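Data block below; observations after.
Quick look at the structure:
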């Protein structure tokens, strides 16, 4: 059975220049073995194969099994503007290196940075990994330094090492990290401002 996620995202791009922000509705579908862009278009009303190809960064001849494919549901959605992130559903035998090789420009370091709470040596089948985060690409990385978690570290201890940083700052900067289950070797974003 296909997993379909409906999302609503803002299309900011050129709209800000003209004083308007468009809203784009889209769905995402997890790729199963044998899926094609054409087949996905046939299963969704009012969307062409070309629109699906434009809304995604995958080779149309080889869709990666487990990848999330964006299905635009109106004309304002295409390319990166129609999605905030690309995720990959972990399949049996997947490794960070194998997943990174499937996506253009993605490295193992990118996967580790985008998924700090995931143990790369113990991937859970069916879990979602962030592969590309377009929202974070807009942020300047100079707003954060990264602290590598050591044995015994807590958010309180990490905050006390950095001037002016509170536990609440760390919680806000790391919304996907469970402060009670810090993984040794993972990186915690520490705000610099």
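In mature numbering (1 follows the signal peptide of the UniProt record, and there is no 0), the protein residues as written are -25 to -1, 1 to 168. Glycine included, every Cβ here is placed at the ideal spot set by N, Cα and C. It should be emphasised that the depicted structure is a prediction, and the values quoted were computed from it without experimental measurement.
Helix, strand or coil at residue i [DSSP, three-state]
| i | result |
| --- | --- |
| residue 133 | helix |
| residue 139 | coil |
| residue 9 | coil |
| residue 127 | coil |
| residue 14 | helix |
| residue 89 | helix |
| residue 20 | coil |
| residue 98 | coil |
| residue 144 | helix |
Near the ligand NAP: residue i beta-carbon under 8 Å from a heavy atom
| i | result |
| --- | --- |
| residue 29 | Inclusion of the ligand NAP in the displayed structure is not the case, the ligand content being empty and no account of it being possible. |
Bridge partner(s) assigned by DSSP for residue i
| i | result |
| --- | --- |
| residue 166 | 119 |
| residue 104 | 63 |
Own chain, CB closer than 8 Å to residue i, minus 5 neighbours either side, in chain order
| i | result |
| --- | --- |
| residue 154 | 129, 130, 142, 145, 146 |
| residue 167 | 117, 118, 119, 120 |
| residue 126 | 159 |
| residue 72 | 83 |
| residue 115 | Unreliable positioning characterises residue 115 in this predicted model, as indicated by a pLDDT of 44, which lies under 50. The coordinate reading is nonetheless provided below. Excluding positions up to five away in sequence, the list is empty. |
| residue 8 | 40 |
Nonlocal neighbours in the same chain, by C-beta distance under 7 Å from residue i, ignoring five residues either side
| i | result |
| --- | --- |
| residue 69 | 98 |
| residue 105 | 60, 62, 89, 90 |
| residue 10 | 38 |
| residue 23 | 16 |
| residue 94 | 158 |
| residue 152 | 91, 92, 163 |
| residue 137 | 165 |
| residue 140 | 134, 165, 166 |
| residue 13 | 24 |
Spatial neighbours of residue i in its chain, beta-carbon cut-off 6 Å, leaving aside the 5 residues before and after
| i | result |
| --- | --- |
| residue 149 | 163, 164 |
| residue 31 | 44, 45 |
| residue 161 | 91, 124 |
| residue 74 | 63 |
| residue 122 | 133, 163, 165 |
| residue 77 | 39 |
Cβ distance (whole Å) where residue i is taken to contact residue j below 8 Å
| i | j | result |
| --- | --- | --- |
| residue 100 | residue 67 | 6 Å |
| residue 107 | residue 81 | 7 Å |
| residue 40 | residue 4 | The Cβ separation is near 12 Å, so there is no contact. |
Suppose only complete runs of 4+ residues qualify. What are the alpha helix (DSSP H) ranges in the region 24 to 86, listed by chain order? If you keep only unbroken alpha helix (DSSP H) runs of at least 4 residues inside the region 24 to 86, you get 24 to 29, 71 to 77.
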